[in-house]
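*Asks:* Its first residue numbered 186, the sequence shown is counted upward by one per residue in this note's numbering.
Note that beta-carbon positions come from the ideal geometry of N, C-alpha and C, so glycine has one too.
Computed from a prediction, not measured in an experiment: that's the story for all the values here.
Before I ask anything, here is the structure I am working with.
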Amino acid sequence: MSTDLIASSTTARVNLLGMNRAQLEAFFLELGEKKFRAQQVMKWIHHAGITDIGAMSNLGKALREKLLAVAEVRPPEIVSQYDSSDGTRKWAIRVDGGGLVEAVLIPDGSRATLCVSSQVGCSLDCSFCSTGKQGFQRDLSAAEIIGQVWLAIKSYDAFQSGKGRVVTNVVMMGMGEPLLNFDNVVAAMDIMLDDLGYGISKRRVTLSTSGVVPALDRLAELSEVSLAISLHASNDALRNELVPINRKYPIARLLDSARRYIDAQADTKRVVTVEYTLMAGVNDQPEHARELAALLRDFPCKINLIPFNPFPNSDYRRPSGNAVSRFWQVLVDAGYIVTVRTTRGDDIDAACGQLVGQVVDRTRRSERYRQAASIGEVASG
Ligand code: SAH
Ligand code: SF4
C-alpha cells in the first residue's frame with residue numbers, strides 16, 4: 186500500500202472491502218499498526234458482513250477512530266433484485282459514476298454459481314456480443330468486483346448464519362474482459378480464495394478470457410483459478426472476424442499461453458474450459474467441428490458449446506437443435522468431454538431488461554448467465 190493511498194484518503198476514504206490480505210497488511214503497517222489487524226478486519230468484512238468500522242469491537246477504540254478518519258467499507262449499491270421461480274437471483278448494481286452492472290446467482294443442487302462482472306462495457310468488440318457493442322465505460326474497482334460476492338451473501342442474510350454456503354462457485358463471465366482489468370480482478374479473486382475472505386476452492390473460481398495473451402501469461406505467475414477461453418472458431422480467419430483480438434494474439438498463441446497457465450499449476454489434473462458459441466451457418470458446420478477436434482488434439486480441455494443467443498440488431502442466428510447435436514457428436518466421437526448449454530425458461534428477464542435495457546440487452550445477458558453457470562459446473566465438476 187502506498188503512502189499516496191493514505192494521503193489521498195483526506196479527500197476520499199480507502200475502501201477496505203477490495204483489499205486482499207497483503208494489501209491490507211501493508212495498509213496497517215503504513216498506519217503504524219500491527220499487520221494482524223488485517224486479519225481481524227477481513228473477518229469482520231467477509232465473514233461477518235460488517236461494514237461499520239465502529240462496530241469492529243476487537244480493534245480497540247483508538248484504532249477504530251483512526252480508521253474511521255481514513256477508511257471505509259463500502260459495497261456497491263443494489264438498484265434492483267429479481268427472483269426467478271427456478272431459484273436464480275439477479276441483481277442490478279450501481280457503481281460509482283452511475284454505471285450499471287449485473288451479478289447473477291444460479292443455484293443448482295448443492296452448488297450455487299455467481300456470475301461476476303469486471304468492467305462496465307467492454308472494449309474488445311466481439312461481433313456476437315452485446316456488451317462489446319455497448320463499448321467500454323470503465324473498469325470496476327476491486328471493491329466493486331468482490332462487492333458482488335459480498336452483496337450476494339448479504340442478500341440471503343447468510344453471513345455467519347449457518348445456512349450453508351450461498352456462493353460455492355464464481356465465474357468471471359459477467360460484463361467485461363477480466364484480463365483487461367488485471368490488478369483489480371486478481372485482488373478480488375485473492376479474496377474469493379482466501380480463508381479470511383470467502384474460502385472458495387481455486388477450482389471453483391473461473392476466469393473467462395477472450396485471449397489477452399500477455400495478461401494471461403502474467404496471471405499464470407499470480408493465480409491458481411480455473412481458466413476458460415472464449416475460442417468460438419476453429420481457424421484464425423474466422424476467429425479474426427468474431428473475436429477481433431485474435432488479429433493481435435492468434436489461436437496458436439492463445440492455446441500456448443493457456444497451456445502454460447495449466448502447466449504452471451501444481452495440480453496436474455487441471456484442464457482449460459474451451460467456450461464455443463455456435464452461430465448458424467457461421468461456425469456450426471460439421472467441418473468446423475472436425476477442424477476444432479484437430480486443433481485441440483493434445484490440448485488439455487473440456488469443451489462448452491453455447492448456442493448463440495440473438496439480441497436486437499445482431500448479425501447472427503442460433504443454430505437448430507439438430508445442428509448443435511451434430512456438432513456435439515463429432516467432438517464426442519473424437520474423444521472430447523463436451524457440454525451443451527440449453528436455454529431454460531427465465532421469468533425474471535423482462536423486469537431486468539426494463540431496468541438495464543439501455544445498458545445491456547436482457548436476453549443476451551440472461552443467456553450468458555445460464556452459460557456461466559455451466560462453466561462453473563464444468564470447471565469444478
Ligand atoms: N470477456 C470475457 C468474459 C465475459 S464474456 C470473455 O469473452 O471470455 C463471457 C462469454 O459470453 C463469452 O465466452 C461468450 O461466449 C459469451 N457470449 C457473448 N455474447 C454471446 C451471445 N450473443 N450468445 C452466447 N454467448 C455469448
Ligand atoms: Fe468483451 Fe467478452 Fe463480449 Fe468479447 S465476448 S466483447 S471480450 S465481454
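1. Work out the CA separation of M358 and A277 for me, nearest whole Å.
2. If I follow the unbroken alpha helix (DSSP H) through P471, where does it start and stop?
3. Considering only residues of the same chain and omitting the five flanking positions on each side of D293, which have a CB-CB separation below 6 Å?
4. Helix, strand or coil: which one does DSSP assign to G203?
5. Ignoring anything shorter than 4 residues or poking outside the segment 383 to 424, list the alpha helix (DSSP H) runs there in chain order.
6. What do you reckon, is the C-beta of E362 under 6 Å from a heavy atom of the ligand SF4?
7. Please state the DSSP three-state secondary structure of P363.
8. Does the segment 466 to 476 come into contact with the segment 428 to 437, if we say contact requires no fewer than three beta-carbon pairs (one atom in each stretch) closer than 8 Å?
9. Could you check the C-alpha separation between Q208 and F367 for me, to the nearest Å?
10. How long is the line joining the alpha carbons of R502 and N494, rounded to whole angstroms?
11. Using the DSSP secondary-structure output, state which residues sit across from P492 in a beta bridge.
12. I'd like to know if the segment 392 to 399 and the segment 437 to 454 are in contact, where contact means that at least 3 CB-CB pairs between them fall below 8 Å.
13. Mind checking which residues open and close the beta strand (DSSP E) that includes A197?
14. Comparing C-alpha positions only, which one of M377, D500, L336, Y446 sits nearest to V264?
15. Is G320 near the ligand SF4, in the sense that its beta carbon is under 6 Å from a heavy atom of that ligand?
*Replies:* Taking the coordinates as given:
1. Here residue 277 refers to the residue found at position 92 of the sequence shown. Here residue 358 refers to the residue found at position 173 of the sequence shown. A straight-line Cα-Cα distance of about 15 Å links A277 and M358.
2. Walking along the sequence shown from the start, residue 471 turns up at place 286. P471 -> alpha helix (DSSP H) spans 471 to 480.
3. In the sequence shown, counting from the first residue as 1, residue 293 sits at position 108. Apart from sequence neighbours up to five positions away, no residue of its chain approaches D293 with a beta-carbon distance below 6 Å.
4. As a first step, residue 203 must be located in the sequence shown, where it is residue number 18. DSSP places G203 in the helix class (H, G or I) of the three-state scheme.
5. Within the segment 383 to 424, the runs of alpha helix (DSSP H) at least 4 residues long that lie entirely inside it are, in chain order, 398 to 407.
6. Here residue 362 refers to the residue found at position 177 when the sequence shown is read from its first residue. Yes, the beta carbon of E362 sits closer than 6 Å to at least one heavy atom of the ligand SF4.
7. Here residue 363 corresponds to residue number 178 of the sequence shown, with the count starting at 1. Assignment of P363 by DSSP, reduced to helix, strand and coil, places it in the helix class.
8. Too few Cβ pairs lie closer than 8 Å, so no.
9. For the purposes of this step, residue 208 is taken as residue 23 along the sequence shown, with counting starting at 1. For the purposes of this step, residue 367 is taken as residue 182 along the sequence shown, with counting starting at 1. Rounded to whole angstroms, Q208 to F367 spans 15 Å at the Cα level.
10. Stepping through the sequence shown from its first residue, residue 502 is reached at position 317. Stepping through the sequence shown from its first residue, residue 494 is reached at position 309. The alpha-carbon separation between R502 and N494 amounts to approximately 8 Å.
11. Translated into positions along the sequence shown, residue 492 becomes position 307. Answer by DSSP bridge pairing, in chain order: L463.
12. Verdict: yes, contact present.
13. To locate residue 197, count along the sequence shown from 1; it is residue 12. For A197, no beta strand (DSSP E) segment is defined, and its DSSP state is neither H nor E.
14. Here residue 264 refers to the residue found at position 79 when the sequence shown is read from its first residue. Selected option, being the one with the closest Cα: L336.
15. As a working note, residue 320 is residue 135 in the sequence shown. Look at G320: its beta carbon is at least 6 Å from all of the heavy atoms in the ligand SF4.
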